[in-house]
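**Student:**
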Amino acid sequence: MILETLPFCDQITHPLMHEVMNTLIQTFGSSTSNELIAACLALLTECVYSPAIVTDLLLGGEKEGSLLLMGLKRILAFKQDPLILFGTQCLTKILENILEPLQTKMILETDLAELIFELLHTSNVQQLDCAFECLQAMANHKLFFEKCHAVYGLESTLTAIRVAMDLKRNTILEKGLSFLTFVLQRQPDNMPIFLNESWWTCASILQDLLQAEYQCIIRTALSTVEAFFRDKHQQHLVDLKVILLIVKSVTSASKNHVQMICQGREENVSSAILNYLFAIVNSMNKLMHSDNALCGNESSSLNSLQQVLKSFCIDSLLPWTIGSWQNFEDEDSVERLFEFLNITIDMTENDEELMQIVPMELLHQGLILLYHPCISKNTQDKGLKILISIFMKYFDTVKPSLQINTEGLLSGFANVQWHEASSLEFFAQNMLNPKERGAVLSFVYLSLLHGYSIADAKSLLQFLKIVADVCPGILSQETYIVRSFVYILAICQANTWESAEDVVFTDSGNDFISVIGLLPVETWYTAGPAVFRWALLTTEKMEVLAKPMVEYWLVHLNHPPSQLDIHFEDLIDQDKAIITTMVPNINFLQCLMGFLHLSQIGTKASSVLNYCIAQLSDVKTWETAPTLLKSLLLSGTKKLDALFIQSADVDCDLASNLLCVLCSLMKSPISGSFQSLPVSGFKLVYNVVKLIGKSWEQDAPMAFALHFFADVVKNLSVQESQTIIPAVLQSEKCTSFIESTFEKPSGKMFSHCLVIVVWLAENGQFYEGKHFVTIRSQFILNYLATCERTCMLLILQLLKFALTAMTEKHTMCGACHFFKGCQAFIPSKIFSQSELRQIYGHLQQYVSQEDSSLRFEAMECIHKLITSGSDLGHFVLQHSWNSTMLEKLSFRIEHGLQDFELDFFLLFSTQSPYPFWSSTSANSFLLALLNSSFTSQQQLKAVAVIKKIKHSQVAVDTYLLETVDACLQHYEDW
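Read left to right, the sequence shown gives residues 1 to 974 (the working numbering).
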């Protein structure tokens, strides 16, 4: 009752407090009543509210302190409920108010720490709560770690944490994890804490905790994992496979945590979580490099661990970091961030991978963080070295390459106030020397080059304007400064603002473009589409900048000069980007046309033009493509005309390159619309004929001339052809060369000559000159048997013209003269009877070809054979293979008959004295009739064939035959 009437402890005077505590200690030390002891301990807990009182109690010179500690030890040792709770709370309050190491030593020497650890072997939640609070208060004193208290109590701590997990008591679990983390962080390196099986037990607990449902537990567990991975904790070697499982759990837990954050209101990952993860990565990196700390380190285990850690850092942790820059505010966070970056950089296998995972945005934000006023010079220097090493990797990708003084660049970066990066005007006006200007301009330059910008384009343009005004002679400084300045300007002005060209740039009072034009190209040019677009924006830039730039680019293009086709995949990325972007740019294409005459780069220019033409031809919906192609064709034909005006001796390189481009244009979709194009002009064609008739040291000009001429004549009208044929045949060299290709055929030249010969035979009916192209019939027969598929149609057409001449008792067809052998020819004997029979054997194979054009020409030739004479006609109509030929043809026509195919069936049905129908061919023919659309005239032909099928008495599908009959009788409804 007296105790309960005492005023509040903090209102009691010091002498009175001493008497009160003395009375309380004497009472609970001698009492046998648990209730009285509990009351005394509760009051004592209230009384020790300040360090002064605790000091007086423990070091006052009397025995009260010792009696109190011995009383607490007795209570904790006997584990009397609920006295142990009051005793533990009292001890915790005393520990929280201790200042002198001597007082801590008094407590630890009484073995109270061991007794508190023993209290952890329980499932009583209150007891666990009080015990962990007391142990945390004890661990706050350095003397706790000088003995083996933590080592002794580790097993108990892990047991209590496992119990709290089973009970799902998160508050107790957090206190237990916090204590464990604190101990792992403070334990001296010379005193390993993990003995026997405790390391594996702790690892198992951490794996389970990282899969917990509650994010607060996962966050605490992450900090515990970081402390757990310290390489001095274990007395024995640790198992890599177990570490791998923990790292995988960390990865999974971190991703789940970030996913929940993204689904909630928070926009970024907190700096605390990132710091835990940075610390884990740092600890893991140290552990993996400590060979004496690992076991189970077979190459597969170590490689798996390295890959998992690398994947976590690069794929997850680094992107989270980039999205959470604003959370790094203190020096410790920034220092940990750069340690993590350094480790991540070491994980990359090559420079290309490094630049992919460390974008320019990270460099930008990293510079801003480093140069915040709260960051020390030491941290700045360490971080800057890391960023500069990455920055130089980016510089190495610049083409043409730049020679940079790394020390000077480092000095420039160190002096710039990067935390003011939001104000470009501040940057522009406070760059005091070339090193600082070089640092800022090159950083902006490389950022833009790799797709990142520190500001919008308009702001950058104004920034450049201020730099040019503040720093006269900017174009006379080092190459990397000039190129950076020009590239930034190119990006800004090529983005098609309304005001871009209104900003007038001068350098030392002179026009900016003119000054650049006087510099060597490699000084200001960067291989990339941005500078190309900018240099081709206006006529002034094109004349002063674009032409020397494109020429320089062609010289260094990774493409063999002797190779006609561009192997796009073999080009470097910058060249791929330039070509892809410049395909629709007419100024770029015309610029290339201007270099076709140069021996060193003419073939390269031609190859790039051919690639661009092919790309434009593939884009069916590109509205500007026809206009671009027509413009190129007009420009090319004008250049071809100029070849004969400027000089009598035609330049071989220019002729080859120009004709190569014209041939590519002839393959494009515009080749069929010559009414509005100049290529069918007499003068142009005559000039090409002259090129064919020249004696060339190389095959290229002749091949391209033939190719172009063959493409032109295929699209000429009959009237145009009749105008041009005399000019062609007047050139004896031209006709001789065409004839010689039949003697010694050589690939593409032969195919082009074949086109020309067919054109002469088809369109030369009214030619009255004395010169002809003479073809031996034996060549036609040989080619018919061994012809390549690409020339098959032309050979059949040529054969048709030869057979036409023979049927009409001539050796001439159009402007072609066919003869047999080298001796004087006999009229109408272009082919002998045996040769004609051989020809029919070859034609039978062409009748069933998939290509309908080939079938048409083969059938036309067979018709010529039948009408050429009675003996040959009988041979053809009675041939034993006719049934097989028509059966194969029937499979081709099941989906519908064409008129010439119906005529072919009618010819053999009405004139052949022998039945050739089989059940298969007849049924296929009937099916083809049902799938065809006929005129009235074709209906009569079909009826005649049906009659012959019926008379042949071949077995056919009755229903199919009746259906066809019904359709033919009601033709109007069909």
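We put the CB at the ideal spot given by N, CA and C, even for glycine.
Could you please give the first and the last residue of the uninterrupted alpha helix (DSSP H) stretch that includes ARG483?
**Tutor:** Numbered from 1 along the sequence shown, position 483 holds the residue referred to as residue 483. 479-493 is the span of the alpha helix (DSSP H), which, as asked, contains ARG483.
**Student:** I need the straight-line Cα distance from MET1047 to LEU409, nearest angstrom please.
**Tutor:** Residue 1047 lies beyond the residue range present for the chain, which begins at 1 and ends at 974; the question has no answer from this structure.
**Student:** Return the CA-CA distance between MET885 and ASN923, expressed in angstroms with no decimal places.
**Tutor:** Within the sequence shown, numbered from 1, the residue matching residue 885 stands at position 885. Within the sequence shown, numbered from 1, the residue matching residue 923 stands at position 923. Taking the straight line from one Cα to the other gives about 15 Å.
**Student:** So, with DSSP's three-state summary, where would you put HIS817?
**Tutor:** Within the sequence shown, the letter at position 817 stands for residue 817. Here HIS817 sits in strand by DSSP.
**Student:** What is the DSSP secondary structure of THR397, counted as helix, strand or coil?
**Tutor:** As a position in the sequence shown, residue 397 is number 397, starting the count at 1. It is coil, neither helix nor strand.
**Student:** By a C-beta neighbour count over all protein chains shown, 10 Å radius and 16 as the cutoff for buried, is SER740 buried or exposed?
**Tutor:** As a working note, residue 740 is residue 740 in the sequence shown. Exposed.
**Student:** What's the C-alpha gap between ARG265 and PHE278?
**Tutor:** Here residue 265 corresponds to residue number 265 of the sequence shown, with the count starting at 1. Here residue 278 corresponds to residue number 278 of the sequence shown, with the count starting at 1. Here ARG265 scores only 45 on pLDDT, less than 50, and its place in the model is too uncertain to base an answer on.
**Student:** What does DSSP give as the partner residues of MET582 in its beta bridges?
**Tutor:** Numbered from its first residue, the sequence shown carries residue 582 at position 582. DSSP, once it has assigned bridges, lists no residue as partnering MET582.
**Student:** Can you list, in chain order, the residues of its chain with a C-beta nearer than 6 Å to that of ALA705? Leave out the 5 residues immediately preceding and following it.
**Tutor:** Within the sequence shown, numbered from 1, the residue matching residue 705 stands at position 705. Taken in chain order, the residues that qualify are LEU659, VAL688, LEU691, ILE692.
**Student:** Among VAL20, PHE312, ASN303, which residue has its Cα nearest to the Cα of LYS982?
**Tutor:** Residue 982 is absent from the structure shown; the chain starts at 1 and stops at 974.
**Student:** Between which two residues does the beta strand (DSSP E) containing VAL876 stretch?
**Tutor:** The residue you call residue 876 lines up with position 876 of the sequence shown. No beta strand (DSSP E) holds VAL876; the alpha helix (DSSP H) holding it covers 870-877.
**Student:** If I measure Cβ to Cβ from LEU906 and keep anything under 7 Å in the same chain, skipping five residues before and after, which residues do I get?
**Tutor:** For this step, residue 906 is matched to residue 906 along the sequence shown. Closer than 7 Å at the Cβ level, and outside the excluded window around LEU906, lie LYS941, ALA944, VAL945.
**Student:** Consult DSSP for THR624 and reduce its assignment to one of helix, strand or coil.
**Tutor:** By 1-based counting over the sequence shown, the position of residue 624 is 624. THR624 falls in the coil class under three-state DSSP.
**Student:** How many Å lie between ASN415 and GLU436 at the Cα?
**Tutor:** If you number the sequence shown from 1, residue 415 lands on position 415. If you number the sequence shown from 1, residue 436 lands on position 436. Taking the straight line from one Cα to the other gives about 7 Å.
**Student:** Applying the criterion that 16 or more other CB atoms from any shown protein chain within 10 Å of the CB defines a buried residue, is SER721 buried or exposed?
**Tutor:** Taking the first residue of the sequence shown as 1, we reach residue 721 at position 721. Counting Cβ neighbours within 10 Å, SER721 comes out buried, since at least 16 surround it.
**Student:** Can you name the residues that DSSP bridges to ILE775?
**Tutor:** The residue given as residue 775 occupies position 775 in the sequence shown. PHE818.
**Student:** On the three-state DSSP scale, how would you describe PHE229?
**Tutor:** Taking the first residue of the sequence shown as position 1, residue 229 is located at position 229. Reduced to three states, the DSSP call for PHE229 is coil.
**Student:** Please list the terminal residues of the continuous alpha helix (DSSP H) segment that includes PHE905.
**Tutor:** For the purposes of this step, residue 905 is taken as the residue at position 905 of the sequence shown. Unbroken alpha helix (DSSP H) run through PHE905: 899-911.
**Student:** How many Å lie between ASP641 and SER599 at the Cα?
**Tutor:** The residue labelled residue 641 in the question sits at position 641 within the sequence shown. The residue labelled residue 599 in the question sits at position 599 within the sequence shown. Cα to Cα, ASP641 sits roughly 20 Å from SER599.
**Student:** Roughly how many whole angstroms lie between the Cα atoms of GLY528 and LEU571?
**Tutor:** Indexing the sequence shown from 1 puts residue 528 at position 528. Indexing the sequence shown from 1 puts residue 571 at position 571. Going by the C-alpha atoms only, they are around 13 Å apart.
**Student:** In angstroms with no decimal places, state the Cα-to-Cα distance between GLN939 and LEU968.
**Tutor:** For the purposes of this step, residue 939 is identified with residue 939 of the sequence shown, where counting begins at 1. For the purposes of this step, residue 968 is identified with residue 968 of the sequence shown, where counting begins at 1. Looking at the two C-alpha atoms, the distance is approximately 7 Å.
**Student:** If you draw a straight line from the C-alpha of GLU114 to the C-alpha of GLU19, how long is it?
**Tutor:** Position 114 of the sequence shown, counted from the start, is the residue given in the question as residue 114. Position 19 of the sequence shown, counted from the start, is the residue given in the question as residue 19. GLU114 and GLU19: Cα-Cα distance of roughly 31 Å.
**Student:** Going by DSSP in three states, MET431 sits in which element: helix, strand or coil?
**Tutor:** Locating residue 431 in the sequence shown gives position 431, counting from the first residue. Coil, per DSSP.
**Student:** Comparing C-alpha positions only, which one of LEU44, LEU796, SER33 sits nearest to ASP25?
**Tutor:** Within the sequence shown, the letter at position 25 stands for residue 25. Residue identity differs from the one stated: residue 25 is Ile in this sequence, not Asp. Of LEU44, LEU796, SER33, the residue nearest in Cα terms is LEU44.
**Student:** State the start and end residues of the unbroken alpha helix (DSSP H) segment that holds ASP332.
**Tutor:** The sequence position of residue 332 within the sequence shown is 332, counting from 1. Where ASP332 is concerned, the enclosing alpha helix (DSSP H) stretches over 331-347.
**Student:** Answer with buried or exposed for PHE708, where buried requires no fewer than 16 other C-beta atoms within 10 angstroms of its C-beta.
**Tutor:** Indexing the sequence shown from 1 puts residue 708 at position 708. Buried.
**Student:** Please go through the segment 501-578 and give each complete beta strand (DSSP E) segment of 3 or more residues, from N-terminal end onward.
**Tutor:** Those beta strand (DSSP E) runs which fall completely within the segment 501-578 and span 3+ residues do not exist here.
**Student:** Would you call the CB atoms of ILE491 and LEU448 closer than 7 Å?
**Tutor:** Looking up residue 491 in the sequence shown gives position 491. Looking up residue 448 in the sequence shown gives position 448. For ILE491 and LEU448, yes; Cβs fall inside 7 Å.
**Student:** If you run the structure through DSSP and keep just helix, strand and coil, what is VAL183?
**Tutor:** Position 183 of the sequence shown holds residue 183. Reduced to three states, the DSSP call for VAL183 is helix.
**Student:** Could I get the ranges of all uninterrupted alpha helix (DSSP H) runs contained in the segment 455-481, with 4 residues as the minimum, in chain order?
**Tutor:** Complete alpha helix (DSSP H) runs here, min 4: 457-470.
**Student:** Would you call the CB atoms of ILE94 and VAL48 closer than 7 Å?
**Tutor:** The residue labelled residue 94 in the question sits at position 94 within the sequence shown. The residue labelled residue 48 in the question sits at position 48 within the sequence shown. Result yes, Cβ atoms of ILE94 and VAL48 sit closer than 7 Å.
**Student:** Could you tell me which residues DSSP pairs with ASP189 in its beta bridges?
**Tutor:** Translated into positions along the sequence shown, residue 189 becomes position 189. The partner list for ASP189 (beta bridge, DSSP) is empty, contrary to what the question assumes.
**Student:** What does the Cβ neighbour count give for CYS591, buried or exposed, with the cut at 16 atoms within 10 Å?
**Tutor:** Working through the sequence shown from its first residue, we reach residue 591 at position 591. With 16 or more Cβ atoms within 10 Å of its Cβ, CYS591 is classed as buried.
**Student:** Let's test the definition: count the other Cβ atoms within 10 Å of the Cβ of GLU732 and tell me whether it reaches 16, buried, or not, exposed.
**Tutor:** Residue 732 sits at position 732 when you count from the first residue of the sequence shown. Exposed, because fewer than 16 other Cβ atoms sit within 10 Å of the Cβ of GLU732.
**Student:** Rounding to the nearest angstrom, what Cα-Cα distance links GLN849 and LEU927 in this structure?
**Tutor:** Indexing the sequence shown from 1 puts residue 849 at position 849. Indexing the sequence shown from 1 puts residue 927 at position 927. Looking at the two C-alpha atoms, the distance is approximately 19 Å.
**Student:** Express the C-alpha separation of LEU173 and SER123 in angstroms, rounding to a whole number.
**Tutor:** Here residue 123 is taken as the residue at index 123 of the sequence shown, counted from 1. Here residue 173 is taken as the residue at index 173 of the sequence shown, counted from 1. Their Cα atoms are separated by approximately 12 Å.
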